[in-house]
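This report refers to the structure that appears directly beneath it.
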Amino acid sequence: MDKSIAVSQDLENIITDIAEVARILWKLGWAESNAGNISVNVTEHIPEDIRELNKFPSKEIDKSYPELSGFSFFITGAGARMRDLAKEPSGNACILRIAEKSNRYHILWGRRSELGFEPTSEIHSHLSIHRFLLEKKAPQKVIIHAHPEELIALTHVKEYKQESKLNRLLWSMNPVAKIIIQKGVGLVPYCVPGSDELAQATIKALEKHDVVLWEKHGCLAIGTDMLETFDRVDILNKAARIFLACKSAGLAPEGLSDAQLDELERLFWSKK
Ligand code: 2HA
Ligand code: ZN
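When we follow my numbering, the leftmost residue of the sequence shown carries the number 259, and every step to the right adds one.
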């Protein structure tokens, strides 16, 4: 029995982009071992009238998501390595559809539970964030969680645990960060990885930001497109890297001045 949906060209392109970002995350050292996870709301690419949904294996989730019933998500696997995902997406991720009984899901594509597959340990963060984005009718469908080294390093430093100070630093180290990341980063105080507390704190931070740093752990970014979402984290991490490069050379970085930052704001930020 065929237990996989037909993959449209659009969906194929999304999966190719996910594999590309997974490869980059691994190469950058932002996805050591099985670190990092990715999910994308792919509902619009799944035929609405999947017949015989029951032919797809289903599994229980330990929480119910009634608002997500009927929605489909590409999601990486627990313990899956980004470097493996890059080579073989279907062996390290799945597309799941939240069932009518919303504490279950069907696996429509990819690696299945009978093959030992479990979605990422951050599944509750991912599903709660997708629910939040749908409630807000927000355009973002992509969620990337990774461990960008230099950004994480800054969250270990007392001085930068204040969002305003951290954003001032990142903007002043890279004009592109000031131009592109207009909402700045949100900062979520340390919570146990995979916990509900972390999911809730992240959603609160996503009210105001598209990139959130998890103190002493990593980052989570949302966006409309895989590569654009990755780019935003890359731009921010570059800012952190420039700062730390100066520091490790024993130099005191000057950074852009307030006047220079104001000028960028005037020139590039959209007027409200
Ligand atoms: O997927 O990065 O936060 C492993 C993690 C958990
Ligand atoms: Zn992590």
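We put the CB at the ideal spot given by N, CA and C, even for glycine. Source: prediction; values computed, not measured.
Find the nearest neighbour of residue i within the set the options, judged by alpha-carbon distance.
i	options	result
S422	P433, V443, I438	V443
L514	L326, A435, D483	A435
F332	H388, E310, H405, K313	H388
F375	K395, L392, H405, R339	R339
E270	E473, A293, H303	H303
D307	T274, S316, F329	F329
A351	E372, L373, P377	P377
S297	H467, E325, A336	A336
H403	Q420, E380, L392, D520	E380
K532	G349, E407, I353, E521	In the structure displayed, the chain extends from 259 to 530; residue 532 sits before or after that span and is not available.
Q267	G508, A280, P305	P305
N292	L522, H405, D516, N432	H405
For a test of your reading of the model: does the CB of residue i fall under 7 angstroms from any non-hydrogen atom of the ligand ZN? Yes or no.
i	result
P406	no
A336	no
A293	yes
Beta strand (DSSP E) containing residue i: first to last residue?
i	result
S297	295 to 299
H403	400 to 404
R362	362 to 368
Shorter than 7 angstroms, the distance from the beta carbon of residue i to the closest heavy atom of the ligand 2HA, or not?
i	result
A479	no
G374	no
G287	no
When burial is assigned at 16 or more other CB atoms within 10 Å of the CB, is residue i buried or exposed?
i	result
G287	exposed
E318	exposed
V300	buried
D520	exposed
In the DSSP assignment, the alpha helix (DSSP H) including residue i goes from what residue to what residue?
i	result
W472	No alpha helix (DSSP H) contains W472, which is instead part of the beta strand (DSSP E) from 469 to 472.
A498	484 to 506
Stretch-stretch touch, CB-based, cutoff 8 angstroms, three pairs: the stretch 356 to 376 with the stretch 261 to 268: yes
Stretch pair the stretch 343 to 355 + the stretch 399 to 412: three plus CB contacts closer than 8 angstroms: no
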